[in-house]
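*Asks:* For what it's worth, my numbering labels the leading residue of the sequence shown as 711, then goes sequentially. Idealized CB from N, CA, C, for every residue including glycine. Nothing here was measured: the structure is a model prediction, and the numbers come from that model.
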Amino acid sequence: MSSQQDAGVPLLHAPDGIGYKLLELPPELLALLESEDPPILRLESSANSAIIKSGAQSWSLRQKNTSNALIVLRSCDATPSLSSSQITGPSLKAVATVHDTVELVAESAAKAAPVARGKWHERFARGR
711 MSSQQDAGVP LLHAPDGIGY KLLELPPELL ALLESEDPPI LRLESSANSA
761 IIKSGAQSWS LRQKNTSNAL IVLRSCDATP SLSSSQITGP SLKAVATVHD
811 TVELVAESAA KAAPVARGKW HERFARGR
């Protein structure tokens with residue numbers, strides 16, 4: 711039997727002002743980083759994108775725009791008073807919204823970065 715007293719977990723909008731980028735790691739790089747002796751990574755530039763290198767392996771960084779936003783949540787132990795009622799207990803804060811991610815593409819499989827063809831998001835997303 712459900713209870714009418716259970717109001718769920720409060721969700722608050724509390725941006726923290728930090729710009730977040732999500733980095734999608736390929737499985738082989740993730741395995742290297744989780745190993746007992748993780749490698750040292752170098753970040754270099756190329757004509758089309760930045761490149762992460764580890765020994766003989768290299769990955770190009772590519773930005774992917776998403777149509778669905780990702781919301782970064784942070785838990786907190788107590789919520790401030792909302793209007794006239796006091797709600798205490800665990801809650802969630804939405805601290806940021808991410809509209810694009812950065813993927814790493816193996817350099818041997820990477821093609822040249824596509825040339826912008828006048829689309830708005832291709833011209834202005836680079837400055838974010």
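1) Within the chosen definition, does the segment 800–812 reach the segment 716–733 through at least 3 CB pairs nearer than 8 Å?
2) DSSP on residue 866, reduced to helix/strand/coil?
3) Whose C-beta lies closer than 7 Å to the C-beta of residue 730 among residues of the same chain, with five residues either side of it excluded?
4) Under 7 Å, do residue 768 and residue 817 count as touching if we go by C-beta distance?
5) Would you mind sorting residue 770 into buried or exposed? The rule is 16 or more other CB atoms within 10 Å of its CB.
6) Among all the DSSP beta bridges, which residues are the ones paired with residue 731?
7) Count the other C-beta atoms from every protein chain shown that fall within 10 angstroms of the C-beta of residue 743, then say buried if there are 16 or more, exposed otherwise.
*Replies:* Reading from the atomic positions:
1) yes
2) Since the first residue shown for the chain is 711 and the last is 838, residue 866 is missing from the structure and cannot be characterised.
3) 782, 806, 808
4) yes
5) buried
6) None; residue 731 has no bridge partner.
7) exposed
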